[in-house]
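Taken in order, these protein sequences are the chains called A and B.
Numbering follows this note's numbering, with no gaps: position 84 of the first sequence is 884.
Numbering follows this note's numbering, with no gaps: position 582 of the second sequence is 1597.
To keep things clear, I will list the structure first and then write my remarks on it.
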Amino acid sequence: MTSNLVLAVTIGGLFACGIYLMLSRNLIRVLLGFLLAGHAVNLLLLSSGTGGVAPIVGEAKNGEPVADPIPQALILTSIVIGLAVSTFLLAMAYRNYQVTREPEIADDLEDSEYAGSDPSGGDE
Amino acid sequence: MTGDAPAGAFALAPWFLLGYLALALAAPTLSRLWGRGALIASAVLPAATTAWAAAQIPHVLDGGAASTSVSWVPTLSLDIDLRLDALSMIMTLVIAGIGTLVLLYSARYFPPDDDGAGRYTGSLIAFAGAMLGLVWADNLILLVIFWELTGLLSYILIAHRTGKRSARMAASQALMVTTAGGLAMLVGVVMLGVTAGTFTLSQIIANPPSGPLITTAILLMIVGGISKSAIVPFQFWLPGAMAAPTPASAYLHAATMVKAGIYLFARLAPAFAVLPLWQPLLMTLGGGTLLFGAVIALRQRDLKLLLAYGTVSQLGLMTVLIGCGNPDALLGGMAVLIAHATFKAPLFFVVGIIDTSTGTRDLTRLSGLRRTMPTVAIMATLAAVSMAGIPPMIGFAAKEAGYAGLLDGGTAGAIGTAVMAVGSALTVAYSARFLWGAFADKQIAGPAPAQGAPGQRRSRTPDASVDTMPPTRPSPTSPWMTGPTLLLVILGLVLGVWPTLLEPLLQSYAQTAGPTHEDAMGLWHGFNPALVLSVAGWLVGAAVFFAQRARERRSEIARPGGEPGAGYRATLKGVNVLAVGTTAVTQRGSLPVSLGAILLVLVAFPGTMLLRAGTGPADLEVLGEPAELILSLVILGLAVATARVRRGLTAVMLVGGVGYSMAVLFILRGAPDLALTQILVETVTLIAALLVLTRLPDTALYSSHGGNGFRLAIALAAGALMTALALIIPGTRVGTPVSADLAGPAVQFGGGKNIVNVILVDVRAWDTYGEVTVLIAAATGVASLIFIVRRTGRAPRRPTVMADPVQPRQPSPWLATNWVPRRSLLLEVVTRMIFHVIVVFSVYVLFVGHDAPGGGFAAGLIVGLALTLRYIAGGAFELGEAAPIDPGILMGIGLLIASATAVYGLIAGGDALQSTILSGTVPVLGDLKFVTSSIFDIGVYFIVIGLVLDVLRSLGAELDRQGVLERAESTSSAGRKESGRYGSAPRASRQGTRR
């Protein structure tokens, strides 16, 4: 199968922007990053299959190449799950803001306390 | 070994197991209905099991056995293979018989208002079933499953008093120790089964394999056995387990569960006692346990702990006997096991009676009970006589059989005999001490009470130091508690006088290991070494008891040493230190740092692997189609802009742009389904994001740790890695894609032309099923995060909080309601005109999806957008009018439909979710074809509608309401400030807002 340089660079670029945003402490930026990274994953899946005529029986005439339906089915699942996760992230971002009145997520106190805690552990 | 007889009555065994499960599940309900009577009623099942098993005794004598099998998971060599032979029969009678009595006894042990009775009853019955399964299992893996089940139920029973920290700690300690052993045993079982080529226990015992692997496997199984049976070094969990209610201790931690390890040894011994490690290992550990338990028992003040250490000691004795491995010793081991059940259970019962009627088990606080509780004292004496191995009780005959076995066992047997003799003498001593501690008159003596022991609280005058303590006054005891105790004592007496009753069963088991001597069980064997050893034991034991008493009269009553299990606690602490240390190093509590660490690992390891492999792209196309090039540039530009902008709304718009461009790319690549879904999803996401962002301040995208170089470097490295991956992946696909052959079957079996849709609802329908459950979970999560008080319910149809309480406006003539302050006439009219059209169109998309682009996802999203339109045009209440239903119910219906389709596929004689094509000719409409997978798609349709509705209800309607409430609060508090000086209440503040 052929690789496409332009598509590959687009995938990498989307990932880079998405990851850059996800490394932020701001939950809305994390959400934006998640959406971009999601698009990148979908493109990566798409690039693993051949393009062509839509995979519907009877569409391809004169032996034209038909697009690979399996990556498409995977991407379809991915898109819908992406919707579910991004709305959940949105709700989380809002709730975080509602409670803390800060757009940023602070360091987890419980974890940072562990770093300096007495390591003899809990009770049980 | 002779072949198995046809199952006969034993064919009922799986039904019995099922019966225990059903009764265990029903127990809490029965307990609520009948109170403590439920315990008595439940005893019918183990009683029936006892009778049913006893009726089959003739079939298991002389090497006979019955077996039955139910197919379960044949691919894992895991079937419910059950088998009843002489050994299983002995265990079955002990488990079911004592189980019956324990249930009867428990009916009065607990106070009438005990709220844990239901859980206790259920756990105890489930335990009895699991224990029966354990001794019937003829499949090694099944054995492990029942083994672990008994451990889990023991955990629940030990922690019965859930409010007590010590009980919970003891329960988790017992669980950890026995489960750790159980895991070792599982490894051993798998090694044994794989090496032997079968997991059927009886076949392995009949033709035992050999080799170093087998030795290791048996060693691991021994580890499991000694952890379960509290043999040194695992002895410490059993005394802790005494936190359980006393009848549960009598059942699990004396009569049955702790004997699972002994059962395992007894099961393996005929085949594997010849292994060189068997005898030294088991006899050393068992002998150590025998002596250790007996010595520690002498130092206990809690009668129950005294008995618990006695159990540890007796389990050690059984291990010594079975460890010796010659057929006569095996016989002796099983005889001791039976005898132990008949004397230890009633002794526990006695402790329970003393505890409930006097309120204490501390031997320093009990006095004169022999006069106030004479019946109990007689029963306890008989049971203790049995424990000490004195005729005419069964304990004597069993011990004689044990001595006879060891004396027949060569050098190892001789050493074992010596250890057993010392252990038996100590047993006599602690038996006597038990009777003294529970029933004798005590003298108030000893050092000052300031030592803090619970028994020393009584105040005393200096000159009263030799007075006899006043007799403890017990409250009356129910016959339901004395009855089962008496029955067991009588059984011990009957078997003691006529021990030959047990001979056939014991011989049938022991002879599986080789020829045995006849008349092993007898009250009188003549003057022989065994008798001499027994008599010596009684004398030495009595001497030890009196010596200890004499010493105690001079100083004070012995007190227990430190809490057992120091090694266990040290191990646990070590694990905690390691875990906290690791957590402290890896979890710094910062989201970017954690994520960065993951990404660094991704770039460092798979990245370097990729570089080292040196795989290049197979066949590189640089630019490709011009349209794709342009779109790619647009996507990249929008993505970079998203990362740079500082305004939330702009960023969301830019991301939306990326999504729509992706849709166009999908069309170019021949994926119309994806394009359709992408556009719909993007729109819903965009609207949801806008709904939330409009409620956040404009600084929503503000980040105090602005773009630093480190983040950029990680992002670029990861991006480069993914680019490389995207270049390499297509080249690695060398085989013909499966999808090449999908077109024909899609039409033939899936009944659809749209291959992507057929994949989703037929080929990979299970994945889709999993996916829609994720959707439901996410929707529930969104609602839970936004709704603070309660999550379920539908969007409100009428205002609960008015934006402007003064001037209720007229509803819009175009919509069902409209309370939005700022109305758009154009939007209202358009919504009115197209809403219903969109919904009808969605149904079309739903049904056409099997043959053309569309399907449940797309159709559901279309309805979702129609609902969004209603919400935007008319607000929260308009949404409530448009969809007057709880989205949870909608999603539930969807999931129900999808599940029903799955089950229908099974019923129709195929796999779950398999499609059936129905077609026929209908007048007017012509030929119609309907595929059952379309129904599955309808389920998906409902779930997606539910998801979007839940999102709108939460992020839209509920946030509106909260916003209005907040505004109302802030204005009213402002108003209150102004009007406060006039001393008026909220009414005045509302007046204030009217201005």
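C-beta atoms are modelled at their ideal positions from N, C-alpha and C, and glycine is treated no differently.
Every value quoted in this text rests on a predicted model; they were computed, and no experiment measured them.
For asparagine 1769 of chain B, the three-state secondary structure derived from DSSP is strand. In the DSSP secondary-structure assignment, serine 1084 of chain B is bridged to B/Asp1096.
If you draw a 10 Å sphere on the C-beta of glycine 1079 of chain B, you find 16 or more other C-beta atoms in it, and that means buried.
Annotation: the continuous alpha helix (DSSP H) that includes methionine 1184 of chain B extends over 1180-1211. Considering only B/Ala1678, B/Thr1700, B/Ser1605 and B/Gly1511, the residue with the shortest C-alpha distance to leucine 1691 of chain B is B/Ala1678. The segment 1379-1399 of chain B and the segment 1339-1349 of chain B do not touch, with fewer than 3 CB-CB distances between them shorter than 8 Å. Per the C-alpha coordinates, the member of B/Leu1711, B/Lys1243 and B/Glu1415 positioned closest to threonine 1165 of chain B is B/Lys1243. Taking the beta carbon of threonine 802 of chain A as reference, the chain B residues within 8 Å of it are Ala1633, Asp1634, Leu1635, Glu1636 and Pro1745, listed in sequence order. Put simply, the CB of methionine 1191 of chain B is far from chain A, with every gap to its CB atoms at 7 Å or more.
Across the set B/Ala1728, B/Arg1574, B/Arg1282 and B/Leu1099, the C-alpha of B/Ala1728 shows the shortest separation from the C-alpha of alanine 1612 of chain B. A residue is called buried when at least 16 other Cβ atoms come within 10 angstroms of its Cβ; valine 1673 of chain B meets this threshold and is buried. Under the DSSP assignment, leucine 1506 of chain B falls in the alpha helix (DSSP H) whose first and last residues are 1494-1512. CA-to-CA, the gap between valine 1202 of chain B and glutamate 1786 of chain B works out to about 35 Å. Beyond the five residues adjoining it in sequence on each side, glycine 1348 of chain B comes within less than 6 Å, by CB distance, of Met1333, Leu1336 and Ile1337 in the same chain, given in chain order.
Here leucine 1235 of chain B carries a helix assignment [DSSP, helix/strand/coil].
Annotation: valine 1608 of chain B to serine 1264 of chain B spans about 51 Å, alpha carbon to alpha carbon. As DSSP reads the structure, valine 853 of chain A sits in a beta bridge with A/Val866.
Chain-order list of chain B residues neighbouring threonine 810 of chain A: Ser1647, Ile1650 and Leu1651, by C-beta distance under 8 Å. In this model, alanine 1874 of chain B and phenylalanine 1862 of chain B are separated by some 9 Å (Cα to Cα). Here glutamine 1602 of chain B carries a coil assignment [DSSP, helix/strand/coil].
Here tyrosine 1266 of chain B really is in contact with leucine 1139 of chain B; their C-beta atoms are around 7 Å apart, less than 8 Å. Counting along the chain, the unbroken alpha helix (DSSP H) around proline 1073 of chain B starts and ends at 1072-1075.
Interface criterion not met: the Cβ of serine 878 of chain A is under 7 Å from no Cβ in chain B. At a cut-off of 7 Å, the C-beta of leucine 845 of chain A has no neighbouring C-beta in chain B. Here the C-alpha atom of serine 1086 of chain B lies approximately 26 Å from the C-alpha atom of alanine 1041 of chain B.
By the rule that beta-carbons nearer than 7 Å mark a contact, glycine 838 of chain A does not touch chain B.
Boundaries of the alpha helix (DSSP H) harbouring threonine 1044 of chain B: 1028-1049, taken from the DSSP string.
Of all residues in the segment 850-873 of chain A, the ones placed with a Cβ closer than 8 Å to any Cβ belonging to chain B are Thr850, Gly851, Gly852, Val853, Ala854, Pro855, Ile856, Val857, Gly858, Val866, Ala867, Asp868, Pro869, Ile870, Gln872 and Ala873, in chain order.
A check of alpha carbon separations from leucine 1167 of chain B across B/Leu1508, B/Gly1052, B/Leu1790 and B/Gly1144 identifies B/Gly1144 as the nearest. For tyrosine 1418 of chain B, the enclosing alpha helix (DSSP H) stretches over residues 1409-1422.
Under the Cβ criterion of 7 Å, threonine 900 of chain A is not counted among the residues facing chain B. Partner residues in a beta bridge of aspartate 1534 of chain B, as assigned by DSSP, do not exist. When beta bridges are read from the DSSP output, asparagine 826 of chain A appears opposite A/Glu904. Taking 7 Å as the cut-off, the Cβ atoms of isoleucine 1113 of chain B and alanine 1356 of chain B count as close. In the displayed model, serine 1914 of chain B falls within a helix according to three-state DSSP.
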